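Written out below as structure tokens is the structure these notes cover.
Residue numbers (our numbering): 398 to 710.
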């Protein structure tokens, strides 16, 4: 009985962690959008997010036992060849991914950005097929087709929209590109990431990423009129940096220890739900028929892909 009760508690904590991470990512879109509408540019936000996360993960690496068990906290020091591989991983997973998403979010609807983010499993399957030689079956093709149809519907809807709250085609395409870049990272660096804890991986990836984005973003950050930025805008920026980047990664890593990948993937749908509700309440987004149809197609596509993978169809 005690073992069963302990396992139930672990599963409940894992579900709460995953729900929390997905909700934070859903909140990050409208909150980040608001910050970037009041003095913080998209590239400024990229620098704050990448550099802030690098500092956070290095601090966390000194106190890993607070986040993971003693066994997981004791990690072998990565050899030089792996450390340099983290630079490549950071380029796709952080530099390209976060630059495209953050800049895309700054010009499109937060609802559209969060809907596009749910298409990641579909792009991840394509990446696995290319880099990991994962077999593509008829059911997987059907799932990919459904998901990409939803994403295309969203982009075309933005192209014909007259209201910025309904989306922007360039912003939607940038957000979609960010998912493609992250999927490439998942396919190319799967073996590297599996060797180390999330904190070890992230501290090196974000460190290299800070060096890569600094030449293009630091000049703009220096020119920010810091005294003129409202405290609420700095609070929104801090939420994106520490909530949407650092805390969400930690919560996800803890959840993945107890939950199956398919269960983790299902929490992806919390993001657009949270983002839509908050964006509409804040008056910075519109949820209409095209967005509803797009998210239905993407969810159907991701569900079909996950079902095919779990059943090896």
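Don't be surprised by glycine CBs; every beta carbon is placed ideally from N, CA and C.
Since the model is a prediction, treat every value here as computed from it, not as a measurement.
### Query
With contact counted as at least three CB pairs below 8 angstroms, one residue from each stretch, are the region 627-645 and the region 478-490 in contact?
no
### Query
Is residue 476 helix, strand or coil when you go by DSSP?
coil
### Query
What's the C-alpha gap between residue 664 and residue 508?
17 angstroms
#### Entry: Neighbourhood of residue 614 by C-beta distance below 8 angstroms, restricted to the same chain and skipping five residues each side
440, 441, 443 and 444
### Query
Do you know offhand how far residue 468's Cα is from residue 593's?
Residue placement at residue 468 cannot be trusted, given a pLDDT of 48 that sits under 50; what the coordinates show is reported in the next sentence. About 12 angstroms.
### Message
Quick check on residue 476: buried or exposed, where buried means 16 or more other Cβ atoms within 10 Å of its Cβ?
### Response
exposed
### Query
Among residues of its own chain, excluding the 5 on either side of residue 498, which ones have a beta-carbon nearer than 6 angstroms to its beta-carbon?
572 and 575
### Message
Would residue 536 and residue 701 qualify as a contact pair, given that the criterion is a beta-carbon distance under 8 angstroms?
### Response
yes
### DSSP three-state assignment for residue 599, whether helix, strand or coil
helix
### As assigned by DSSP and simplified to three states, the class of residue 582
helix
### Under the three-state DSSP convention, the category residue 412 falls into
helix
### Whether residue 419 touches residue 638 by CB criterion (8 angstroms)
no
### DSSP-derived helix/strand/coil call for residue 565
coil
### Query
If you drop the 5 nearest sequence neighbours on each side, which residues of the same chain put their C-beta closer than 7 angstroms to that of residue 447?
491, 495, 603, 606, 607 and 610
### Task
Within the same chain, show all residues whose beta-carbon is closer than 6 angstroms to that of residue 588, passing over the 5 residues directly before and after it, in chain order.
none
### Query
Assuming residue 423 and residue 670 make a contact with CB atoms under 8 angstroms, what is their CB distance in whole Å?
7 angstroms
#### Entry: Residue range of the alpha helix (DSSP H) that includes residue 633
628-635
### Task
Give me the Cα-Cα distance between residue 584 and residue 519, rounded to the nearest whole angstrom.
12 angstroms
### Query
Between residue 457 and residue 689, what straight-line distance do the alpha-carbon atoms span, to the nearest angstrom?
39 angstroms
### Query
Among 452, 678, 644 and 672, which one has its Cα closest to the Cα of residue 414?
644
### Message
Just to check my reading of the structure: residue 515 and residue 699 have Cβ atoms closer than 8 angstroms, yes? What is that Cβ distance to the nearest angstrom?
### Response
7 angstroms
### Query
Helix or strand or just coil, what does DSSP make of residue 468?
Residue confidence is low: residue 468 scores 48 on pLDDT, short of 50, so the model does not pin down where it sits. Its coordinate-derived value is still stated next. Looking at residue 468 - three-state DSSP - the assignment turns out to be helix.
### Task
Tell me whether residue 612 is buried or exposed, calling it buried when 16 or more other Cβ atoms sit within 10 Å of its Cβ.
exposed
### Task
Can you tell me the Cβ-Cβ gap for residue 428 and residue 636, rounded? I've got them flagged as a contact below 8 angstroms.
5 angstroms
### Message
Rounded to whole angstroms, what is the Cα-Cα separation between residue 649 and residue 581?
### Response
20 angstroms
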